[in-house]
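Report on the following structure.
Number of protein chains: 2
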Amino acid sequence: MRIAVIGLGLIGGSLLRALAAAGHDVVGFDADPSTRDLAREAGFRVADGVREAVAGCAVAALAVPLPILPEVVADLDGYGGLVTDVTSVKGPVRDLLAGRRFVGGHPMAGRETSGFAASEAGLFEGCAWVLCLEPHGTDLGDWLLLAGLLTGMGARVVPVTAAEHDTTVAQVSHVPHLFAAVLAGQLGASPLAGALGAGSFRDGTRVAATRAELTAAMCGGNRDAVRDELARLIGELTRMGAALERADPVEALVPLLQPASALRRAWPPRPGPTETIPADIDRLLELGRSGGWVTAVNGTELVGKRPETDRFLP
Amino acid sequence: MRIAVIGLGLIGGSLLRALAAAGHDVVGFDADPSTRDLAREAGFRVADGVREAVAGCAVAALAVPLPILPEVVADLDGYGGLVTDVTSVKGPVRDLLAGRRFVGGHPMAGRETSGFAASEAGLFEGCAWVLCLEPHGTDLGDWLLLAGLLTGMGARVVPVTAAEHDTTVAQVSHVPHLFAAVLAGQLGASPLAGALGAGSFRDGTRVAATRAELTAAMCGGNRDAVRDELARLIGELTRMGAALERADPVEALVPLLQPASALRRAWPPRPGPTETIPADIDRLLELGRSGGWVTAVNGTELVGKRPETDRFLP
Numbered sequence: 116m117r118i119a120v121i122g123l124g125l126i127g128g129s130l131l132r133a134l135a136a137a138g139h140d141v142v143g144f145d146a147d148p149s150t151r152d153l154a155r156e157a158g159f160r161v162a163d164g165v166r167e168a169v170a171g172c173a174v175a176a177l178a179v180p181l182p183i184l185p186e187v188v189a190d191l192d193g194y195g196g197l198v199t200d201v202t203s204v205k206g207p208v209r210d211l212l213a214g215r216r217f218v219g220g221h222p223m224a225g226r227e228t229s230g231f232a233a234s235e236a237g238l239f240e241g242c243a244w245v246l247c248l249e250p251h252g253t254d255l256g257d258w259l260l261l262a263g264l265l266t267g268m269g270a271r272v273v274p275v276t277a278a279e280h281d282t283t284v285a286q287v288s289h290v291p292h293l294f295a296a297v298l299a300g301q302l303g304a305s306p307l308a309g310a311l312g313a314g315s316f317r318d319g320t321r322v323a324a325t326r327a328e329l330t331a332a333m334c335g336g337n338r339d340a341v342r343d344e345l346a347r348l349i350g351e352l353t354r355m356g357a358a359l360e361r362a363d364p365v366e367a368l369v370p371l372l373q374p375a376s377a378l379r380r381a382w383p384p385r386p387g388p389t390e391t392i393p394a395d396i397d398r399l400l401e402l403g404r405s406g407g408w409v410t411a412v413n414g415t416e417l418v419g420k421r422p423e424t425d426r427f428l429p
Numbered sequence: 116m117r118i119a120v121i122g123l124g125l126i127g128g129s130l131l132r133a134l135a136a137a138g139h140d141v142v143g144f145d146a147d148p149s150t151r152d153l154a155r156e157a158g159f160r161v162a163d164g165v166r167e168a169v170a171g172c173a174v175a176a177l178a179v180p181l182p183i184l185p186e187v188v189a190d191l192d193g194y195g196g197l198v199t200d201v202t203s204v205k206g207p208v209r210d211l212l213a214g215r216r217f218v219g220g221h222p223m224a225g226r227e228t229s230g231f232a233a234s235e236a237g238l239f240e241g242c243a244w245v246l247c248l249e250p251h252g253t254d255l256g257d258w259l260l261l262a263g264l265l266t267g268m269g270a271r272v273v274p275v276t277a278a279e280h281d282t283t284v285a286q287v288s289h290v291p292h293l294f295a296a297v298l299a300g301q302l303g304a305s306p307l308a309g310a311l312g313a314g315s316f317r318d319g320t321r322v323a324a325t326r327a328e329l330t331a332a333m334c335g336g337n338r339d340a341v342r343d344e345l346a347r348l349i350g351e352l353t354r355m356g357a358a359l360e361r362a363d364p365v366e367a368l369v370p371l372l373q374p375a376s377a378l379r380r381a382w383p384p385r386p387g388p389t390e391t392i393p394a395d396i397d398r399l400l401e402l403g404r405s406g407g408w409v410t411a412v413n414g415t416e417l418v419g420k421r422p423e424t425d426r427f428l429p
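So the sequence lines, in the order shown, correspond to chains Y and F.
Residue 419 in this note's numbering sits at position 304 of the first sequence, and the numbers go up by one each step.
Residue 327 in this note's numbering sits at position 212 of the second sequence, and the numbers go up by one each step.
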């Protein structure tokens with residue numbers, strides 16, 4: 116299949132490599148001429164503009180940062196193929212692409228490095244790749260086409276609505292980036308903090324090294340969900356602060372810490388047995404909500420897995 | 116030198132192994148008979164009580180959890196050797212040991228596993244080990260004896276006061292454990308969170324797997340500093356939440372995230388050249404405050420290093 120990848124940073128560059136490795140006919144484009152040169156030197160066909168890149172392609176994958184997306188979408192006027200994206204917020208992108216053949220996606224494969232130079236074909240092997248599915252409004256054929264492409268690269272395709280995606284990534288990715296930033300900011304307080312920081316500090320702050328503009332675009336693009344989840348977690352931290360004021364702070368803290376300790380030890384969940392899932396929007400959304408994912412697409416039947424136990428249920 | 120290690124969990128067990136590997140004559144004790152059996156099976160001499168363990172030892176290292184420390188200290192009545200400890204709070208322990216030959220310590224080498232079975236001789240190789248030093252009240256000879264023992268195991272000995280230690284570890288270790296717990300607690304909200312959690316979630320929550328009782332004892336034992344630092348960081352998270360409400364949330368967030376991003380990329384700092392430091396309490400405390408550490412003790416002269424640059428200074 117002929118596929119265009121627009122934007123050749125860490126994610127777009129890795130997607131170009133992975134699709135090529137899976138045998139697809141890929142063409143890339145990046146607004147930065149030096150990135151285009153890098154991709155050409157790596158042996159890829161690279162166009163000099165969005166229109167040239169997508170001409171004749173069955174799929175156009177937009178791998179540009181959220182703030183750039185509107186101008187790239189404007190360049191797609193006249194393109195009749197299927198469009199997908201990789202940005203970390205799905206509601207606003209769904210609205211931006213309304214009226215087009217579009218299925219939103221989001222690979223959970225970020226890292227603190229960036230740029231084509233950091234890209235690799237294996238980045239998505241085993242990674243969860245959200246592929247948005249709305250009870251009304253998604254063309255199931257388009258969804259299956261992309262699910263086949265992505266599972267063909269080794270990704271675990273997770274079917275969820277844009278709204279469910281945005282709430283959940285605020286929880287497991289966007290707010291963790293803000294937490295990491297305020298923890299890392301403590302390095303400014305004293306050189307001693309830098310000397311005593313060990314494992315909990317190293318891991319708890321790793322993603323704070325992400326470029327501030329990327330983290331801000333990610334969180335700002337999902338502002339409603341991030342604000343709500345952040346407020347909820349600030350409430351939990353405040354409860355922990357109150358426990359520290361109690362007569363026996365240790366006894367008061369234990370019940371606040373115990374559920375998280377048990378949940379984290381049980382994460383990631385072990386996959387259960389392989390299942391066959393019909394190509395049905397409601398059945399696929401139920402799979403996603405139960406923590407499951409699609410591993411392969413065979414015509415109109417899908418192969419999936421879900422966690423072995425329901426211990427993550429509330 | 117003959118040294119007793121009381122408490123043979125991850126830290127105590129590793130200390131027993133590391134001191135033995137450095138050629139010392141070690142004896143261990145643990146209140147749990149099955150842990151004593153494990154240590155004996157590993158080839159160590161293990162006493163059946165605290166008094167028996169410390170008899171004739173030049174140093175007694177207490178590696179028990181903070182809540183147990185008072186009863187172990189009571190068992191030291193009549194012991195005239197030097198006492199040290201490894202607990203993660205130093206002010207309360209200094210007060211508990213007042214009137215004894217005592218120098219408080221804290222290796223920054225925790226991990227989410229625990230118990231003698233997880234111990235290893237190399238745990239402290241290159242790790243920062245706080246060794247408390249008070250302008251009035253620490254016997255410098257005792258401090259140098261321990262600094263020599265610890266640097267002999269490959270630890271970087273950081274000289275700081277108990278108060279400076281308690282504030283700094285609240286920042287770089289205790290509050291990060293609370294942050295990890297509230298992030299991991301989100302796994303209870305939906306199975307989807309467990310499916311979409313990727314790198315930022317994995318690392319940001321790693322230490323949430325620590326036993327709740329240990330995290331509670333650590334934070335509760337350092338309640339004043341943890342409460343203050345937690346309140347300060349809740350304030351910063353609240354400012355980020357307010358930035359998300361602004362007309363341009365991305366623009367509002369960037370300046371809040373940028374310092375942390377730069378600080379984290381520059382961490383850990385590269386060590387500067389080796390220095391000779393006189394055995395002087397004020398000079399040693401200055402070394403610790405500048406982010407430096409002792410790497411060796413040669414009689415009354417110490418060898419140290421500090422960060423190559425002062426970019427962590429406010």
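Beta carbons are placed, not taken as given, at the ideal position from N, Cα and C, and that holds for glycine.
The Cβ neighbour count for F/Pro393, taken over all protein chains shown within 10 Å, is under 16; the residue is labelled exposed.
Contact between the stretch 249–268 of chain F and the stretch 200–207 of chain F is absent: fewer than three C-beta pairs spanning the two stretches fall below 8 Å. Shown here for F/Ala358: same chain residues with a beta carbon closer than 7 Å to its own, the five before and five after excluded, namely Pro364, Ala367, Leu368 and Leu371 in chain order. For the stretch 304–325 of chain F, residues whose beta-carbon sits nearer than 9 Å to a beta-carbon of chain Y comprise Ala304, Ser305, Pro306, Leu307, Ala308, Gly309, Ala310, Leu311, Gly312, Ala313, Gly314, Ser315, Phe316, Arg317, Asp318, Gly319, Thr320, Arg321, Val322, Ala323, Ala324 and Thr325.
Within chain F, Leu311 and Ala313 have C-beta atoms less than 7 Å from the C-beta of Y/Met223, given in sequence order.
Contact check for Y/Ser376 against F/Ala332 fails: the beta carbons are separated by 9 Å or more.
Taken in chain order, the unbroken stretches of beta strand (DSSP E) that lie wholly in the stretch 343–408 of chain F and span 3 residues or more are 390–393. In the assembly as shown, Y/Arg380 is an exposed residue. Its beta-carbon has fewer than 16 other beta-carbons within 10 Å. For Y/Leu134, the closest of Y/Ala175, Y/Glu156, Y/Gly356 and Y/Thr150 by C-alpha to C-alpha distance is Y/Ala175.
Where F/Asp200 is concerned, there is no enclosing alpha helix (DSSP H), although the beta strand (DSSP E) around it starts and stops at Leu197 to Asp200. DSSP assignment within the stretch 278–332 of chain F yields the following whole alpha helix (DSSP H) runs of 4 residues or more, N-terminal first: 290–300, 306–311 and 314–320. Contact between the stretch 242–252 of chain Y and the stretch 336–346 of chain F is absent: fewer than 3 CB-CB pairs across the two stretches fall below 8 Å.
By alpha-carbon distance to F/Ala189, the top candidate from F/Thr424, F/Gly303, F/Gly164 and F/Ala243 is F/Gly164. When beta bridges are read from the DSSP output, Y/Lys205 appears opposite no residue.
Identification of residues in the stretch 346–359 of chain Y having a C-beta nearer than 7 Å to some C-beta of chain F yields Ala346, Leu348, Ile349, Glu351, Leu352, Thr353, Met355, Gly356 and Leu359, given in sequence order.
Setting aside the 5 residues that flank it on each side, Y/Ala278 is surrounded in the same chain by Gly206, each with a C-beta closer than 7 Å to its C-beta; the list follows chain order. For Y/Ile183, no alpha helix (DSSP H) run applies, since DSSP gives it neither H nor E. Of all residues in the stretch 249–267 of chain F, none is placed with a Cβ closer than 9 Å to any Cβ belonging to chain Y. DSSP links F/Gly419 through a beta bridge to F/Glu390 and F/Val409. Among the residues facing chain F, Y/Glu344 is included, as its CB has a counterpart in that chain under 9 Å away. Within the model, the alpha-carbon separation for F/Ile349 versus Y/Val284 is close to 21 Å. Excluding the 5 residues flanking it on each side, Y/Gln301 has same chain C-beta neighbours closer than 7 Å at Ala308, in chain order.
Contacts with chain Y at 9 Å (Cβ-Cβ) do not include F/Arg398.
When secondary structure is reduced to three states using DSSP, Y/Phe159 falls in the coil class, being assigned neither helix nor strand.
In the structure shown, F/Ala224 adopts coil according to DSSP, grouped into three states. Taking a C-beta distance under 9 Å as the contact criterion, F/Arg321 and Y/Gly314 qualify as a contact pair.
Contact between Y/Phe316 and F/Pro291 holds: CB atoms are separated by about 6 Å, below the 8 Å threshold.
Y/Pro148 carries a helical assignment under DSSP once its states are collapsed to helix, strand and coil. Taking 9 Å as the Cβ-Cβ cut-off, the stretch 280–292 of chain Y approaches chain F at His280, Thr282, Thr283, Val284, Gln286, Val287, Ser288, His289, Val290, Pro291 and His292, given in chain order.
Legend: CB atoms of the stretch 391–421 of chain Y lying less than 9 Å from CB atoms of chain F belong to residues Gly403, Arg404, Ser405, Gly406, Gly407, Trp408 and Arg421.
Rounded to the nearest whole angstrom, the CA to CA distance from F/Pro148 to F/Trp408 is 37 Å.
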